[in-house]
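Peer 1: In the working numbering, the protein residues as written are 287 to 550. Handing you a structure now.
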Amino acid sequence: MSWSGFKKSMNRAGTTLLQKTGQIERTVDQDFAGEESKYRVFEKECQVLQKDGKAYLDAMRAMSAAQLRLAETIDTFYGASDRTSEGAMAAHAYKRSVEELDSGIGRELDAPYRATILDPLGKMNSYFPVINEHISKRNKKLLDYDAARSKVRKMTEKPSDDPTKLPKAQQELDEAKEVFELLNDQLVKEIPILLEQRVPYFDPSFEAMIRMQCKFAEEGYEKLSGVQRYFEDSVRDDYAAGQLDAQVEGVLQEMRELSICGAS
């Protein structure tokens, strides 16, 4: 930081302190305050949305990987018992279906999801540091304006022996006011435009997310439905009637009665 920049920072810090103690009046622009408040909400929501969007894709990958490991274990478990049994064939079909779904995650979900959802979110969030820099600059110029206004007021109330000081201070005030109002008006005008564009901007991403989720669910249902043909029709009927739970409980009870399971 240059000496001039350091000096400005110190002067602004002094102005802030004097404003807190009530010695310098603070300018409040209600229009800007309202727009900044809405902008901050939007900024936070976009950052959360980007974080949750990435977490969703990570969760889909983790779910697919876990499902694949589960299918491999089931296939090994049934195959080790009798590879010609209906259970072994069902386990192998399940594994094959899950492998296809897992490869589909990378091919049909991962890249499109990044292109239509994560990338637009990232681009929107990349604008915020630039906007925040403008807001920070506007706030610094406001401090300069308030300090110059306070200086003119004090000179007016208590004139200096040097008649050139007041005109010079007034000129500094006019320049500070012009710079501040230019930045302030720009933000008050452009922040609402940014906020108004949020729905049209995110609409395609929202639609893409719904379509991808629907496609993934449909493919999952289609592939896993094919595994059902290895089970007897009575299995589906027993499941619908809630009898499978009773069957499982019966097998568990038989296991509990074994000496090796009942030993304490």
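For each residue, glycine too, the CB sits at the ideal point set by N, CA and C. From a predicted model like this one, the values you see are computed outputs, not experimental measurements.
Alpha carbons only, please: which of Asp361, Ser422, Ile496 is nearest the one belonging to Phe466?
Peer 2: Within the sequence shown, numbered from 1, the residue matching residue 466 stands at position 180. Nearest of Asp361, Ser422, Ile496 to Phe466, Cα basis: Ser422.
Peer 1: Note down the Cα distance separating Ala532 from Leu544, rounded to an integer number of angstroms.
Peer 2: Residue mapping note: residue 532 aligns to position 246 of the sequence shown, counting from 1. Residue mapping note: residue 544 aligns to position 258 of the sequence shown, counting from 1. So the alpha carbons of these two residues sit roughly 19 Å apart.
Peer 1: Using alpha carbons as the reference points, say which of Glu385, Ile417, Val327, Gly339 lies closest to Glu476.
Peer 2: Residue 476 sits at position 190 when you count from the first residue of the sequence shown. Comparing Cα-Cα distances from Glu476 to each of Glu385, Ile417, Val327, Gly339, the minimum goes to Ile417.
Peer 1: By Cβ distance below 6 Å, which residues in the same chain neighbour Asp388 in space, the five residues on each side in sequence not counted?
Peer 2: Position 102 of the sequence shown, counted from the first residue, corresponds to residue 388. Result list for Asp388: Ser350, Leu354, in chain order.
Peer 1: When the distance is taken between beta carbons, is Leu428 closer than 8 Å to Leu335?
Peer 2: Locating residue 335 in the sequence shown gives position 49, counting from the first residue. Locating residue 428 in the sequence shown gives position 142, counting from the first residue. No, the pair does not count as a contact, with Cβ atoms beyond the cut-off.
Peer 1: How would you label Leu538, buried or exposed, when you count the other beta carbons within 10 angstroms and need 16 or more for buried?
Peer 2: Counting from one through the sequence shown, the residue named residue 538 turns up at place 252. It counts as exposed.
Peer 1: Is Leu469 closer than 8 Å to Val438 when the C-beta atoms are compared?
Peer 2: Position 152 of the sequence shown, counted from the start, is the residue given in the question as residue 438. Position 183 of the sequence shown, counted from the start, is the residue given in the question as residue 469. It is not a contact, given that the beta carbons lie outside the stated cut-off.
Peer 1: When DSSP labels each residue in this structure, what does Leu428 get in the three-state scheme?
Peer 2: Counted from its first residue, the sequence shown places residue 428 at position 142. Looking at Leu428 - three-state DSSP - the assignment turns out to be helix.
Peer 1: Which residues bound the alpha helix (DSSP H) around Asp460?
Peer 2: As a working note, residue 460 is residue 174 in the sequence shown. 451–482 is the span of the alpha helix (DSSP H), which, as asked, contains Asp460.
Peer 1: Tell me which residues share the same chain as Tyr399 and place their Cβ nearer than 7 Å to its Cβ, disregarding the 5 neighbours each side in the sequence.
Peer 2: Walking along the sequence shown from the start, residue 399 turns up at place 113. Around Tyr399: Leu343, Met498.
Peer 1: In chain order, what residues of the same chain have a beta carbon less than 6 Å from the beta carbon of Met410, not counting five sequence neighbours either side?
Peer 2: In the sequence shown, residue 410 corresponds to position 124, counting from 1. Cβ within range, chain order: Cys332.
Peer 1: Kindly provide the ranges of any beta strand (DSSP E) runs that are 3 or more residues long and lie completely inside the region 479–516, ordered along the chain.
Peer 2: Fully enclosed beta strand (DSSP E) runs of 3 or longer: not present.
Peer 1: I'd like to know whether the C-beta atoms of Lys324 and Leu481 end up nearer to each other than 8 Å.
Peer 2: Counted from its first residue, the sequence shown places residue 324 at position 38. Counted from its first residue, the sequence shown places residue 481 at position 195. Contact flag set, yes.
Peer 1: Rounded to the nearest angstrom, what separates Glu493 and Glu508 at their Cα positions?
Peer 2: Within the sequence shown, the letter at position 207 stands for residue 493. Within the sequence shown, the letter at position 222 stands for residue 508. Their Cα atoms are separated by approximately 22 Å.
Peer 1: Glu372 and Tyr516: beta carbons closer than 8 Å?
Peer 2: The sequence position of residue 372 within the sequence shown is 86, counting from 1. The sequence position of residue 516 within the sequence shown is 230, counting from 1. The answer is yes: Cβ separation under 8 Å.
Peer 1: Between Ala348 and Tyr364, how many whole angstroms is the CB-CB distance? I'm expecting something under 8 Å.
Peer 2: Mapped onto the sequence shown, residue 348 falls at position 62. Mapped onto the sequence shown, residue 364 falls at position 78. Their Cβ separation, rounded to whole angstroms, is 25 Å, which puts Ala348 and Tyr364 out of contact at 8 Å.
Peer 1: Give a yes or no on whether the C-beta atoms belonging to Met403 and Met346 are separated by under 8 Å.
Peer 2: Your numbering for residue 403 matches position 117 in the sequence shown. Your numbering for residue 346 matches position 60 in the sequence shown. According to the sequence as given, residue 403 is Ile; it is not Met. Not in contact: Ile403 and Met346 (Cβ atoms no closer than 8 Å).
Peer 1: Quick one: give me the first and last residue of the alpha helix (DSSP H) that Lys381 is part of.
Peer 2: The count along the sequence shown starts at 1 and reaches residue 381 at position 95. Note, Lys381: alpha helix (DSSP H), 372–390.
Peer 1: What do you reckon, are the CB atoms on Ala357 and Lys381 nearer than 8 Å?
Peer 2: Here residue 357 refers to the residue found at position 71 when the sequence shown is read from its first residue. Here residue 381 refers to the residue found at position 95 when the sequence shown is read from its first residue. Their beta carbons are under 8 Å apart, which means Ala357 touches Lys381 by this criterion.
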